[in-house]
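Engineer: Supplied in structure tokens, the structure appears directly below.
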Amino acid sequence: MRASLRLLSSKAAQLFKSMDVPVLQPGQAEYDRAIATSNRLFRFSRPDCVVQPETAKHVQAIVREAASKNIDLTIKCNGHSYAGHSTAMKGVSLDLRRMRSVNLDMNSNVVTMDAGCQWGRVYETLISGRHNGYIINGGRCPTVGVSGFILGGGLGPFTRSFGMGCDTLAEATVVTADGELVTVKETDDRNSKKGKLFWALQGAGGGNFGVVVQMKLKVQNYKTLKGP
Ligand SMILES: Cc1cc2nc3c(=O)[nH]c(=O)nc-3n(C[C@H](O)[C@H](O)[C@H](O)COP(=O)(O)OP(=O)(O)OC[C@H]3O[C@@H](n4cnc5c(N)ncnc54)[C@H](O)[C@@H]3O)c2cc1C
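The working numbering applies: residue 134 is where the sequence shown begins, and numbers increase by one.
The following block contains the structure:
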């Protein structure tokens with residue numbers, strides 16, 4: 134059974150490659166780097182392959198292919214889950230770290246982050262733009278991934294002023310289990326399907342409601358101490 138699943142994963146790897154999705158396989162140095170973890174509890178993790186999508190379309194193709202072949206997918210943003218929930222012991226590791234664009238818009242006070250970003254990269258946009266007095270309500274540690282943090286709630290240094298990280302989420306774009314791309318917003322009707330999905334993404338945990346590919350967070354003005 135395990136051998137046949139491995140064969141399926143390896144066929145899927147060939148297919149992903151043909152779609153120009155970066156794929157890493159055992160024997161490649163980049164594969165070893167991608168699965169490396171500082172949590173020694175999970176040092177024996179050896180997924181059949183690691184896929185590193187660069188676009189939402191890549192993620193859609195991966196999710197559809199894995200669903201059609203019944204292959205396990207384990208989503209990783211930056212792998213800081215203490216419980217190893219982003220560590221693939223088998224199947225395909227869906228590693229989002231190549232999706233790391235950040236765009237800060239100080240007209241709307243919104244930062245748009247690809248789902249593979251780390252907080253350090255997001256904060257750099259405030260620093261390099263010299264936006265003194267503004268904060269993005271993320272984690273203290275610069276290497277924590279934005280996705281796991283927000284999807285799990287997220288306690289940060291500014292939580293007492295602005296709530297948890299997920300309280301400043303304005304919008305999320307998600308690839309659902311059937312491969313559809315859906316954007317949900319805080320303004321969606323809470324009783325609608327989209328509104329319920331948005332609610333679930335605000336702290337109910339990563340890996341439960343599809344693959345988030347992009348998030349928009351409200352930037353806070355710290356000087357006024359006004360919360361969201
Ligand atoms: C050094 C360190 C410092 C920390 N500091 C804080 C802190 O100050 N405040 C705090 O609240 N927490 C903190 N944490 C906990 C951390 O926020 C969580 O472990 C968080 O899940 C890590 O985010 P990540 O993206 O790196 O996680 P990952 O391990 O990559 O993912 C965590 C979970 O989310 C899923 N997931 C990841 N990306 C996506 C996605 N795009 N779509 C859907 N599911 C996804 C994964 O499958 C997994 O289940 C810290 C952890 C560490 C190791």
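Glycine included, C-beta positions come from ideal geometry on N, C-alpha and C. Just so we're clear, the structure is a prediction, and the values are computed from it rather than from any experiment.
Using a Cβ-Cβ cutoff of less than 8 Å, which residues in the same chain neighbour S214 once the five nearest sequence positions on both sides are dropped?
Structural biologist: T220, G281 and G339.
Engineer: Going by other Cβ atoms of all chains shown within 10 Å of its Cβ, with 16 needed for buried, is K356 buried or exposed?
Structural biologist: Classification for K356: exposed.
Engineer: Which parts of the segment 238-263 are runs of the beta strand (DSSP E), unbroken and 3 residues or longer, counting only runs that do not cross its ends?
Structural biologist: Segments of the beta strand (DSSP E) lying fully in the segment 238-263: 243-247.
Engineer: Is S171 helix, strand or coil by DSSP?
Structural biologist: In this structure, S171 counts as coil in the three-state DSSP scheme.
Engineer: Ligand 1 and Y215: does any heavy atom of the ligand fall closer than 7 Å to the residue's C-beta?
Structural biologist: Result yes, Cβ under 7 Å from ligand 1.
Engineer: Check for me: the alpha helix (DSSP H) holding L227 runs from which residue to which?
Structural biologist: Looking at the DSSP string, L227 is not in any alpha helix (DSSP H); the run it does join, the beta strand (DSSP E), is V225 to D228.
Engineer: Compare the beta carbon distance of C274 and G287 with 8 Å and say whether it is the shorter of the two.
Structural biologist: Contact: no.
Engineer: For the segment 223-234 against the segment 176-184, do three or more pairs of beta-carbon atoms, one drawn from each stretch, fall closer than 8 Å, so that the two count as touching?
Structural biologist: As far as the Cβ criterion goes, the segment 223-234 touches the segment 176-184, which means the pair count is three or higher.
Engineer: Report the three-state DSSP secondary structure of A337 (helix, strand or coil).
Structural biologist: In this structure, A337 counts as coil in the three-state DSSP scheme.
Engineer: Considering only heavy atoms of ligand 1, does any lie closer than 7 Å to the CB of V225?
Structural biologist: Answer for V225: no, Cβ out of range of ligand 1.
Engineer: Apply the 10 Å Cβ neighbour rule to N270 and answer buried if 16 or more other Cβ atoms are within range, or exposed otherwise.
Structural biologist: N270 comes out buried.
Engineer: Using the Cβ count rule (16 or more neighbours within 10 Å means buried), how would you classify F149?
Structural biologist: By the neighbour-count rule (16 or more Cβ atoms within 10 Å), F149 is buried.
Engineer: Buried or exposed for Q147, going by 16 or more other Cβ atoms inside 10 Å?
Structural biologist: Label assigned to Q147: exposed.
Engineer: Mapping DSSP to helix, strand and coil, what is C299?
Structural biologist: Three-state DSSP puts C299 in a helix.
Engineer: From the DSSP secondary-structure annotation, give me the bridge partner or partners of A305.
Structural biologist: The partner list for A305 (beta bridge, DSSP) reads V317 and M348.
Engineer: Quick check: the segment 198-206 against the segment 249-260, are at least 3 beta-carbon pairs closer than 8 Å?
Structural biologist: The segment 249-260, when compared against the segment 198-206, does not touch it at the 8 Å Cβ threshold.
Engineer: Looking only at its chain, what residues have a beta carbon closer than 6 Å to the beta carbon of T188, apart from the 5 residues adjacent to it on each side?
Structural biologist: Nothing meets the Cβ criterion.
Engineer: With 16 as the cutoff for other CB atoms within 10 Å, does P159 come out buried or exposed?
Structural biologist: With fewer than 16 Cβ atoms within 10 Å of its Cβ, P159 is classed as exposed.
Engineer: Over the uninterrupted beta strand (DSSP E) stretch that includes K209, give me the two end residues.
Structural biologist: Here the beta strand (DSSP E) through K209 covers L206 to K209.
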